[in-house]
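Reviewing the structure listed below.
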Amino acid sequence: MDLVLFLTFAIVAVGCAVNLVLQRHPISAAISLIGVMASLAVLYLLLGAEFIAAAQVIVYAGAIMVLFVFVIMLLNAEAERKTGRSLVARYIGIPSLVLFLSLLGVLIHALYPSAERASFGGFTGGTPQNVGRLLFTRYLLPFEATSALILIAIVGAVWLARKEAGE
Amino acid sequence: MILLNLCLALPAAAFLLLLLVPRSRPGWSRWSALAASLVIFAVSLALLAEFDGSNGGFQLETNIPWISAPSIRYHVGVDGMSLWLVLLTTFLTPVAVLISWRHIAARVKEFYAFLLLLELGLIGVFVALDLFLFYVFWEVSLVPMYFLIGIWGHERRIYAAVKFFLYTMAGSVLMLAAMIYLYNLAGTFDYGLLMADLVSGRMQLGARQESLLFLAFFVAFAIKVPLVPFHTWLPDAHVEAPTAGSVILASVMLKMGCYGLIRFCLPLFPTASRGNAPWIVLLAIVGIIYGALVAMVQPNMKKLVAYSSVSHLGFVVLGVFSFTQLGLDGAVYQMLNHGISTGALFMLVGYMYERRHSLEISAYGGVATPAPMLASVFMITSLASLGLPSLNNFVGEFLVLQGAAQANFTWAVFAAIGVILSACYLLWLYQRTFLGEASDEVKSHMFDLVPREWAATLPMIVLMVWMGVAAQTFLPSIGAANARILDRMQQGVVMDVKNTMPARGTEVARAR
Amino acid sequence: MTGVPLSWFLILSAVLFSLGVAGFLIRRSVLTVFMSIELMLNAVNLSFVAFSYQLKQVNGHLFTFFVMVVAAAEAALGLAIILAVFRNRGTLQVDEVNSMKN
Amino acid sequence: MLHLWLIPAFPLAGFLANGLVGRRASKAAVNLIAIGSVVLSLLWVLKTLAALGPLEHTHIERYFTWFQSGDLRVGFDLAVDRLTAVMLLVVTSVGLLIHIYAIGYMSHEGGYYRFFAYFNLFMFFMLLLVMAANFLLMFVGWEGVGLCSYLLIGFYFLRHSATTAGNKAFIVNRIGDYGFTLAVFLIFLGFGSLDFETVFAAAAGRPVETSAGALTLIGLLLLAGAAGKSAQIPLYVWLPDAMEGPTPVSALIHAATMVTAGVYMIARCAPLYTRAPLALDVVALVGLATAVLAAIIGLAQTDIKKVFAYSTVSQLGYMFLGLGSGAYSAGIFHLVTHAFFKALLFLGAGSVIHALSGEQDLRRMGGLRKHTPVTFVTILCAAVAIAGVPPFSGFHSKDAILLAAHHHAPWMYWAGVATAGLTAFYVFRAVFLAFFGTYRGPHHPHESPAVMTLPLAALALLSLAGGYFNVPRWLEPMFPPAEGAHDALLVYISVAAAAAGISLAWLMYVARPGLADRLAGRLGWLYRLVYNKFFVDEIYDRALVRPCVEGSSAVLWRGVDAGLIDGAVNQVGMKARDAGSVLRLIQSGSIRSYAAWVLWGSVLALAALVLSRGAR
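Now the structure itself:
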């Protein structure tokens, strides 16, 4: 059951990701990305991360991606053109990528030769209570720092995106 | 104790505060920079009250951990030498603010912000008692100066700024490497602990090891001093820098190198210092004479003063490496003197530039007619700089030369030639700029000192006389601090003798 | 034999990450490149959560949470920058925004 | 405490007052401050000396420590002994007279307050010089008077020649001071102190050096300093040029007081010189050579002030001869009388120049006897005094020196006598050219005002009678009395030489006016050599100054500094840039290629990780 669930959503995620990479038009890419995120949310649930799964849907799939789509619409972005080519990206990047993935695979196999198996309900610590308790005790300072970060980001974004006085 | 930390905290706070001042109100930036620098000066003056001049050790210390691994501590304190250098810095910063009042018209806020950041770095260098902290401040002081030259400088400012930066970096990288090496040996960056380890013999350096470490530190400081032949960044930097930049650069930044020599090279590596002294002294003497001769033929006023700095700082290095009480006292005093008199020279040249928009000597002549007060002040400053007794430089130069004579009379014979030459280039400069008939351009452009300029100039003049006549205000505490360093040098010799006995382990690593 | 080997999650994470990198390398639209970055962040989040499961600790979730927050801030700023760039340069093509060159 | 410090403090206060507010003050106020401060100083000197009485012991007052380092302590200490007393009286009295004279002389000049401020400053430093109780404080006065000399020579700062002369004076003095400072270093090394008291007491315990030793070296280096300040060979060249300054300056600084500082200093260091006979011999030789050379040059000068300037050099040489012969008191005696008559000569010359609206060339004077009678009479007094005509002041002091020289080495006596003849000749040549014959210039000569002639008269009195201040006897406790019997014959010979000089001058310039020119024409190259001062200035210029300047410019600056060092540095920079331009290809500006590089880097890192695990 868990395995089926995992495989289903893993395949959906990878498929969406592949689509994201292959699509020319930003809007298709954005929709694929939403797919990836949604399926990841399911996988989070599988791993017992209730709060994160919810946050994934609300923050990522909801807020951030809406922002993306909104900008795409605002700029009336078209399908990308074939401008410029990066030889480096092609001849170093792609082989590196292959190497990278295989090395990661090797590492994961070397490090987790017979890892334990994850099943639904195997870990139930990721409740909002637990996360919240930790967030407001041990991680209070980083939490407050992130709030400042977001504030700065908001101010920065507003400042960057405002119309210049002369325009 | 709190005061010393305030001396560091206030410039930092002022720097941040200035960033908040609206850009559209340059006047606010000026006034707030002036107010801040004056407050910092007042606070640093209060240091004097808490400082015990008869004690040669470090005082007003703060020592708290900063980074646990590697063990880096926020350890600051002053002794009789660094105290005066801190005061020199805090004294000159308001002066620098005043002389930039009109000179800096673009990006005013950023200029003053950098100036205060620079003050922070400079004070930090003089009070840091942790090698790593010292290095941090050393670099902190580098960056604002780079921008001061690069943004507000004259035509070739980029070249000069990059040259300045690269030269200094080249040296300080070596220094950092040596510091890390020391850390690996001793397990600490703390100056006091390092000294204790060296003195007690817990940590012993092999001759070759010590020599290399000494050289790494020495090159960093020699570039900063600057000692011939590492000096060619200085004339370019000075010529291109705005007036305030030149003043701070000459008066305080060059002292970082001298300070480093006395604080680190001598006591940490006494044997290597003695071993290398002959050729360093040779370079110092060459610098004294060479700098003076080259200054004599400069067609550009700032270059002239810059080369004169090379000559004057040769005296400092000579005094340091004479390893005598007189030489060291003279060297430290000469550091302060040079800060005042050469700083004032740069300031006055800056005034002239503001009026006539030229640094070429040939553009002047007869300035004494339209600007008699400027001429008088320039005269006094030149006299101070050429070492007229009863003005400040004389005491320092005399002590250095007397100390050098104690170490080796031949050194004094050659070094004293610099005293003759300094009269040549300064009086010749004065004659060509201030005396004679004034041309029409000079008459129409030059005017006498305005109140704001007086406010910056008068304290310098008063100090020149004061330091020349009442040298005892300063010398006892300097002497007490130097006596400690000389004691350490003596111990180094004693340990040297021990080292010739059956060899022990040269490296004692100690985990901390 | 229920459950999924944890290493599979890691493999999935690695694959998604690589796909993000591939998108970064291949795509020319700033927006898509940006989305690829988000994809990479998500991939990393997955491994965080997986490790958290393995260690039976909730810390990984918190890291994920912080990554999300940072991602949100990043998205806001990044998109604002994209807006500004688009207004100034009139293009969304990565290769045409190269005034840092030379 | 007698508050000795007040003596120099009065002029210092005068300097500060005039220097700070003199520009806005009236001339009367400036005068009051300037003259008043010197008067107060003189009064305080008199009061002090009266209080001190016979001065059997040196009276020292210590005020504060100037600086201290290690075992070197330099204090602000003033002292008065018999030698200082003499100097104090001369400096303040002659100084006062010249100050008063300057009121008249400078009345039409710009920068009036500036002049008197400098003058007072000079008095301060000069008094400090003679009252200092240690070498370094003396050096303060020493350099200070040099500074005032520089400022006053360049007083007419619009004139290039004046400012150049000022620079020359300062720099040549600096060369001398180089020797002085080295001597001070050696003294501290040798005696561990710089206080006169300590050093001289220690020196007294040392044996007389028969071969060159530390004391000899100290003596020679001090002589270098003295030669700079007192214009002796080879450093005399600045003094004739110094005549660019206003005439009261020439009188006060370059005749009566400052230039005699070297003489004073050597006399002060007599305890050292007595134990270094070799150095003392050099002093005598230098003095004699200077006396002869300057007298010869003085023969052919046409500028009245230049004549007197070379005369000063020559007379200072005399003083050195006296010192070098071991007759310190004779040297000081001559210093005193010389202060009177040379100040008078200069002031008289100034009066003449004033009368002729600035004319200084003897060839455009003549017949002034009728126009400026007071000046004529007073100058005549000075001339007979300097020529050594008995019983006037110069006769007594010169006589003392020549007798000592004879005792020291007879040939020095003969050279000295010849110089005395030359002296008489050139002084009277100047007097005759200026005051006799017919007037050859375009101006309308007029006598100077009383404020100028009164000091002239006072100095004339001193010149005539000054020989009866028995300075040598007063100084006897300090300096051993000059040995040698008073040989009447030697006195007659020197008087005869003076008489011969005067008569020859009379013959050539009054009786047969054309004779001098014919003689000059006959002696062609010799005359030109003398007229051009043996081309010493030119030789110094070619041999020292120009190589120094041009070498610095071409070799050191453009060659070593810009070429070698900066060249190397820039080469390093260029190479780094070249390397950078290769590496720059990586920095394509394309984000995607950057990403590829980042990826490549992480692949490497991962590979390293995998391999290292494999290795383990």
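Residue numbers (the working numbering), protein chains in the order written: chain A, 195 to 361; chain B, 1393 to 1904; chain C, 14 to 115; chain D, 5 to 620.
We treat Cβ as the ideally placed atom computed from N, Cα and C, and that holds for glycine.
Small disclaimer: the values here were computed from a predicted structure and weren't measured.
**Request:** Would you mind working out which of A:273, A:234, A:348 and A:201 sits nearest residue 77 of chain C, comparing C-alpha positions?
**Result:** If you number the third sequence from 1, residue 77 of chain C lands on position 64. Among A:273, A:234, A:348 and A:201, the Cα nearest to that of residue 77 of chain C is on A:234.
**Message:** Between residue 1829 of chain B and chain G, is the shortest Cβ-Cβ distance under 7 Å, so that the two count as touching?
**Reply:** Within the model displayed, chain G is absent; protein chains A, B, C and D are what it includes.
**Request:** Alpha carbon to alpha carbon, how far is residue 280 of chain D from residue 223 of chain D? Give it in angstroms, no decimals.
**Result:** Numbered from 1 along the fourth sequence, position 219 holds the residue referred to as residue 223 of chain D. Numbered from 1 along the fourth sequence, position 276 holds the residue referred to as residue 280 of chain D. Looking at the two C-alpha atoms, the distance is approximately 7 Å.
**Request:** Ignore the nearest five residues each way along the sequence and tell me which others in residue 1682 of chain B's own chain have a CB closer than 6 Å to its CB.
**Result:** Stepping through the second sequence from its first residue, residue 1682 of chain B is reached at position 290. Within the same chain, residue 1682 of chain B has close Cβ partners 1620.
**Item:** Element boundaries [beta strand (DSSP E), containing residue 65 of chain D]
**Value:** Sequence index remark: in the fourth sequence, residue 65 of chain D carries index 61 (1-based). It spans 63 to 73 - the beta strand (DSSP E) in which residue 65 of chain D sits, taken as one unbroken run.
**Prompt:** Pairing CB atoms from the segment 1418 to 1432 of chain B with CB atoms from the segment 1485 to 1499 of chain B, are three or more of them under 8 Å?
**Reply:** yes
**Request:** Go through its chain and collect everything with a Cβ distance to residue 309 of chain D's Cβ below 8 Å, but skip five positions before and after it.
**Result:** The residue labelled residue 309 of chain D in the question sits at position 305 within the fourth sequence. Answer for residue 309 of chain D: 247, 251, 254, 350, 353, 357 and 364, listed in chain order.
**Request:** May I ask you to list, following chain order, the residues of the segment 567 to 581 of chain D that have a beta carbon less than 7 Å from some beta carbon of chain C?
**Result:** none
**Asked** Do you know offhand how far residue 300 of chain A's Cα is from residue 614 of chain D's?
**Response** As a working mapping, residue 300 of chain A is identified with position 106 in the first sequence. As a working mapping, residue 614 of chain D is identified with position 610 in the fourth sequence. Going from the Cα of residue 300 of chain A to the Cα of residue 614 of chain D covers about 8 Å.
**Asked** Where are the beta strand (DSSP E) runs, 3 residues long or more, that stay fully inside the segment 1677 to 1708 of chain B, in chain order?
**Response** none
**Message:** If I measure Cβ to Cβ from residue 34 of chain D and keep anything under 8 Å in the same chain, skipping five residues before and after, which residues do I get?
**Reply:** Translated into the one-based positions of the fourth sequence, residue 34 of chain D becomes position 30. Around residue 34 of chain D: 22, 26, 116, 117 and 120.
**Request:** Can you tell me the Cβ-Cβ gap for residue 421 of chain D and residue 501 of chain D, rounded? I've got them flagged as a contact below 8 Å.
**Result:** Along the fourth sequence, read from residue 1 onward, the residue named residue 421 of chain D stands at position 417. Along the fourth sequence, read from residue 1 onward, the residue named residue 501 of chain D stands at position 497. Rounded, the Cβ-Cβ distance is 5 Å, consistent with contact.
**Item:** Same chain only: Cβ atoms within 7 Å of residue 1412 of chain B, ignoring 5 sequence neighbours per side
**Value:** For the purposes of this step, residue 1412 of chain B is taken as the residue at position 20 of the second sequence. There are no such residues.
**Asked** Is there contact between the segment 1642 to 1653 of chain B and the segment 1517 to 1535 of chain B, where contact requires at least three CB pairs shorter than 8 Å?
**Response** yes
**Request:** Measure from the alpha carbon of residue 49 of chain D to the alpha carbon of each residue in D:37, D:15, D:467 and D:66, then state which is nearest.
**Result:** Taking the fourth sequence and counting its residues from 1, one reaches residue 49 of chain D at position 45. Selected option, being the one with the closest Cα: D:15.
**Endpoints, beta strand (DSSP E) assigned at residue 1451 of chain B** = Reading the second sequence from its first residue, position 59 is the one you call residue 1451 of chain B. Here the beta strand (DSSP E) through residue 1451 of chain B covers 1451 to 1459.
**Message:** Could you compute how far the alpha carbon of residue 200 of chain D sits from the alpha carbon of residue 66 of chain D?
**Reply:** Position 196 of the fourth sequence, counted from the start, is the residue given in the question as residue 200 of chain D. Position 62 of the fourth sequence, counted from the start, is the residue given in the question as residue 66 of chain D. Approximately 13 Å, taken between the alpha carbons.
**Prompt:** What residues in the segment 591 to 609 of chain D have a beta carbon less than 8 Å from any beta carbon of chain A?
**Reply:** 592, 594, 596, 597, 599, 600, 601, 603, 604, 606 and 607
**Prompt:** For residue 392 of chain D, which option in D:368, D:467 and D:359 has the closest C-alpha, if you only look at C-alpha atoms?
**Reply:** The sequence position of residue 392 of chain D within the fourth sequence is 388, counting from 1. If we check each option's Cα against that of residue 392 of chain D, D:467 comes out closest.
**Asked** If you draw a straight line from the alpha carbon of residue 130 of chain D to that of residue 342 of chain D, how long is it in whole angstroms?
**Response** For the purposes of this step, residue 130 of chain D is taken as the residue at position 126 of the fourth sequence. For the purposes of this step, residue 342 of chain D is taken as the residue at position 338 of the fourth sequence. Spanning the two alpha carbons is a distance of roughly 17 Å.
**Request:** Confirm, please, whether the CB-CB distance from residue 436 of chain D to residue 503 of chain D is below 7 Å.
**Result:** Looking up residue 503 of chain D in the fourth sequence gives position 499. Looking up residue 436 of chain D in the fourth sequence gives position 432. No, they are not a contact pair.
**Contacts around residue 225 of chain D, its chain only, beta-carbon distance under 8 Å, and the 5 residues preceding and following it disregarded** = Within the fourth sequence, numbered from 1, the residue matching residue 225 of chain D stands at position 221. Closer than 8 Å at Cβ, skipping near neighbours: 183, 184, 186, 187 and 190.
**Message:** Taking only three categories from DSSP, how would you classify residue 1893 of chain B?
**Reply:** Along the second sequence, read from residue 1 onward, the residue named residue 1893 of chain B stands at position 501. The pLDDT assigned to residue 1893 of chain B is 40, lower than 50, so where the model puts this residue is not dependable; a value taken from the coordinates is nonetheless given after this. Residue state, collapsed to three classes: coil.
**Prompt:** Which residue comes first and which comes last in the beta strand (DSSP E) that contains residue 83 of chain D?
**Reply:** Numbered from its first residue, the fourth sequence carries residue 83 of chain D at position 79. Looking at the DSSP string, the run of the beta strand (DSSP E) that includes residue 83 of chain D is 76 to 84.
**Message:** For a test of the three-state rule: what should DSSP assign to residue 1466 of chain B, helix, strand or coil?
**Reply:** Taking the second sequence and counting its residues from 1, the one referred to as residue 1466 of chain B is at position 74. Strand.
**Message:** Using a Cβ-Cβ distance cut-off of 7 Å, determine whether residue 287 of chain A contacts chain D.
**Reply:** Counting from one through the first sequence, the residue named residue 287 of chain A turns up at place 93. Judged by the 7 Å Cβ criterion, residue 287 of chain A is in contact with chain D.
**Request:** Report yes if the CB atom of residue 431 of chain D is closer than 7 Å to the CB atom of residue 387 of chain D, and no otherwise.
**Result:** In the fourth sequence, the residue the question calls residue 431 of chain D occupies position 427. In the fourth sequence, the residue the question calls residue 387 of chain D occupies position 383. Yes; because the gap between Cβ atoms is below 7 Å, this pair is in contact.
**Message:** Does residue 580 of chain D pass the burial test, meaning 16 or more other C-beta atoms within 10 Å, or should it be called exposed?
**Reply:** Against the fourth sequence, residue 580 of chain D aligns to sequence position 576. Exposed: under 16 other Cβ atoms inside 10 Å.
**Prompt:** If we cut at 7 Å on Cβ distances, does residue 124 of chain D have a partner in chain B?
**Reply:** As a first step, residue 124 of chain D must be located in the fourth sequence, where it is residue number 120. Residue 124 of chain D does not count as touching chain B.
**Message:** I believe residue 1472 of chain B touches residue 1714 of chain B by the beta-carbon criterion, under 8 Å. Please report the beta-carbon distance rounded to the nearest angstrom.
**Reply:** By one-based count along the second sequence, residue 1472 of chain B stands at place 80. By one-based count along the second sequence, residue 1714 of chain B stands at place 322. The Cβ separation is near 19 Å, so there is no contact.
**Request:** For residue 311 of chain A, name the three-state secondary structure that DSSP assigns.
**Result:** The sequence position of residue 311 of chain A within the first sequence is 117, counting from 1. Three-state DSSP puts residue 311 of chain A in a strand.
**Item:** Coarse secondary structure for residue 1882 of chain B, derived from DSSP in three states
**Value:** Position 490 of the second sequence, counting from 1, holds the residue named residue 1882 of chain B. Looking at residue 1882 of chain B - three-state DSSP - the assignment turns out to be helix.
**Message:** Quick check: is the beta carbon of residue 1727 of chain B nearer than 7 Å to any beta carbon in chain D?
**Reply:** To locate residue 1727 of chain B, count along the second sequence from 1; it is residue 335. No, residue 1727 of chain B does not count as interfacial toward chain D.
**Message:** Taking contact to mean 3 or more Cβ pairs, one atom from each stretch, closer than 8 Å, check whether the segment 1869 to 1884 of chain B and the segment 1709 to 1728 of chain B are in contact.
**Reply:** yes
**Item:** Any chain A beta carbon closer than 7 Å to residue 614 of chain D
**Value:** On the fourth sequence, position 610 is the one that residue 614 of chain D refers to. Closer than 7 Å to some Cβ of chain A, the Cβ of residue 614 of chain D qualifies, so yes.
**Prompt:** Is it buried or exposed for residue 1845 of chain B, if we count other Cβ within 10 angstroms and need 16 for buried?
**Reply:** Indexing the second sequence from 1 puts residue 1845 of chain B at position 453. Classification of residue 1845 of chain B: buried, given that the 10 Å Cβ count is 16 or more.
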